[in-house]
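In what follows, a single structure is set out as structure tokens and then discussed.
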Amino acid sequence: MAEEQKKRIFSGMQPSGVITLGNYLGALKNWTKLQDEYDCLYCIVDMHAITVRQDPVKLRKQAKDLLVQYLAVGLDPEKNIMYYQSHVPQHAELGWILNCYTYMGELNRMTQFKDKCAKHADNINAGLFTYPTLMAADILLYQTDLVPVGEDQRQHLELTRDLAQRFNGVYGDVFKVPEAYIGKVGARVMALQDPTKKMSKSDENQNNIITLMDDPKVIMNKMKRAMTDSDNEIRFAEEKPGISNLLSIYCAVTGKTIPEAEREFAGMGYGTFKTAVGEAVVADLEPVQKRVKELEANKDYLDAIIKDGAEKASRLANRTLTKVQKKVGLPNRIR
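Mapped onto numbering that gives the first Met the number 0, the consecutive letters of the sequence shown carry residue numbers 0 to 334.
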């Protein structure tokens with residue numbers, strides 16, 4: 000009997016800053032659990048990053064750093080396709096075609112566009128506006144079954160589904176209509192000094208974030224400064240966002256449950272608790288940081304993964320793009 004084909008998952012991250020503990024616990028750590036069960040593509044979406052002005056040297060370095068960190072957390076290049084979006088031109092080609100099937104009103108409704116306009120009022124460019132259409136192309140190009148999405152990306156996935164259905168309605172069964180991947184929810188890590196907002200790599204206050212490559216002493220100092228409250232009781236509760244955040248982080252890196260952690264720290268002071276959380280984070284990140292250093296020293300290995308990933312992704316992407324080009328009436332290429 001033929002082996003059942005695995006469902007395909009597509010996900011990506013922008014190389015527009017450091018990888019935070021939130022990115023790691025909320026997404027990357029979960030990705031490693033998907034690679035045996037699914038056919039996964041993990042893209043470094045560098046073309047999305049340039050909707051905001053970037054330092055070219057820094058952006059190239061951050062893209063390489065992100066690939067290294069993908070590998071260091073345990074993503075296997077033999078099981079997953081990992082590649083730079085800009086190395087697979089079919090993303091941009093399909094993005095343009097889908098632009099012609101996307102309505103201005105749909106893009107006007109995107110809340111992330113409004114948020115980014117507020118942050119980058121001096122550079123409200125067309126790419127920022129049509130970003131969700133390129134994201135739809137990223138997903139549809141690979142006949143993706145499932146997309147892991149956070150709350151901030153659900154609106155973009157809905158647009159992707161609408162575009163797939165609209166195109167299929169005109170031209171027949173061209174795109175697979177993707178679903179949101181609802182798996183084990185990764186830890187939602189909040190800012191250390193403002194636990195009412197998500198930990199973000201774009202945060203200007205570095206004490207709000209822990210990065211994947213922070214030195215252990217830096218991690219411990221940031222943990223000691225993390226916001227708590229005045230009642231000195233270690234329990235998970237809505238009215239205790241700081242303590243709840245630290246409990247979530249502790250459980251995510253140790254594998255313990257919230258009730259187990261609450262029992263473990265019952266009667267202890269906040270200082271002892273913060274130290275324990277910091278030490279648990281340091282212990283979890285230590286092997287990742289060690290692997291990053293090993294990988295950075297092996298340029299040939301990284302270059303081979305970059306080249307191989309782009310070639311594999313291009314082959315898959317071409318199948319869809321060729322079909323789309325034919326459907327919309329673009330001339331066949333002479334080979």
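Glycine is no exception: its CB is placed at the ideal position from the N, C-alpha and C atoms.
How close, in whole Å, do the beta carbons of residue i and residue j come, if the pair is a contact with beta carbons under 8 Å?
i, j, result
"L66", "D45", "Not confirmed; about 10 Å, so no contact."
"I242", "I233", "6 Å"
"Y41", "Y69", "6 Å"
"K322", "V169", "Their Cβ separation, rounded to whole angstroms, is 13 Å, which puts K322 and V169 out of contact at 8 Å."
"V252", "A275", "Not a contact, Cβ separation roughly 11 Å."
Do residue j and residue i come within 8 Å of each other at the CB atom, strictly closer than that value?
i, j, result
"R7", "T159", "no"
"Y180", "P147", "yes"
"Y83", "I305", "yes"
"L191", "M226", "yes"
"Q89", "A316", "yes"
"N79", "Q13", "no"
"A260", "C250", "yes"
"L162", "L97", "yes"
"K200", "M189", "no"
"I257", "T19", "no"
"M222", "G308", "no"
"K5", "D38", "yes"
"A26", "I43", "no"
"Y100", "F9", "no"
"T229", "V87", "Checking the sequence, you will find Ser at residue 229 rather than Thr. Their beta carbons are not under 8 Å apart, which means S229 does not touch V87 by this criterion."
"I138", "P194", "no"
"N206", "R187", "no"
"G270", "N231", "no"
Near residue i, which residues of its chain fall below 6 Å by C-beta distance, leaving aside the five closest residues on each side in sequence?
i, result
"V291", "V67 and A71"
"L93", "A136, L140 and L320"
"F272", "I233 and F264"
"V17", "K200 and T210"
"I49", "none"
"L106", "F128"
"N244", "M189 and P194"
Go through its chain and collect everything with a Cβ distance to residue i's Cβ below 8 Å, but skip five positions before and after it.
i, result
"V281", "P215, I218 and M219"
"N122", "V51 and R52"
"L294", "V67, L70, A71, Y300 and L301"
Taking DSSP as the reference, what is the three-state secondary structure of residue i?
i, result
"F9", "strand"
"Y37", "coil"
"I43", "strand"
"T319", "helix"
"T19", "strand"
"E278", "helix"
"L294", "helix"
"L329", "coil"
"T227", "coil"
"P76", "coil"
"R234", "coil"
"P14", "coil"
"Q336", "A question about residue 336 goes unanswered here, because the residues of the chain that appear run from 0 up to 334."
"T271", "helix"
"R59", "helix"
"V287", "helix"
"R334", "coil"
"D54", "coil"
"I304", "helix"
Excluding the five sequence neighbours on either side, which residues of its own chain have a C-beta within less than 7 Å of the C-beta of residue i, listed in chain order?
i, result
"Q154", "M109 and T110"
"V327", "I96"
"N204", "Q192"
"Q324", "none"
"A1", "At A1 the pLDDT is 42, less than 50, meaning the model places this residue with poor confidence and gives no usable figure here."
"T31", "V72, G73 and L74"
"L284", "L211"
Query - Whole alpha helix (DSSP H) elements within the segment 78-156, 4-residue minimum - result: 89-98, 103-107, 110-118 and 125-139
**Report entry** Complete alpha helix (DSSP H) runs within the segment 148-223 (minimum length 4 residues, chain order)
**Finding:** 153-170
Query raised in the report: At which residue ranges does the segment 238-267 contain complete alpha helix (DSSP H) runs of 4 or more residues, listed in the order of the chain?
Result: 240-253 and 257-263
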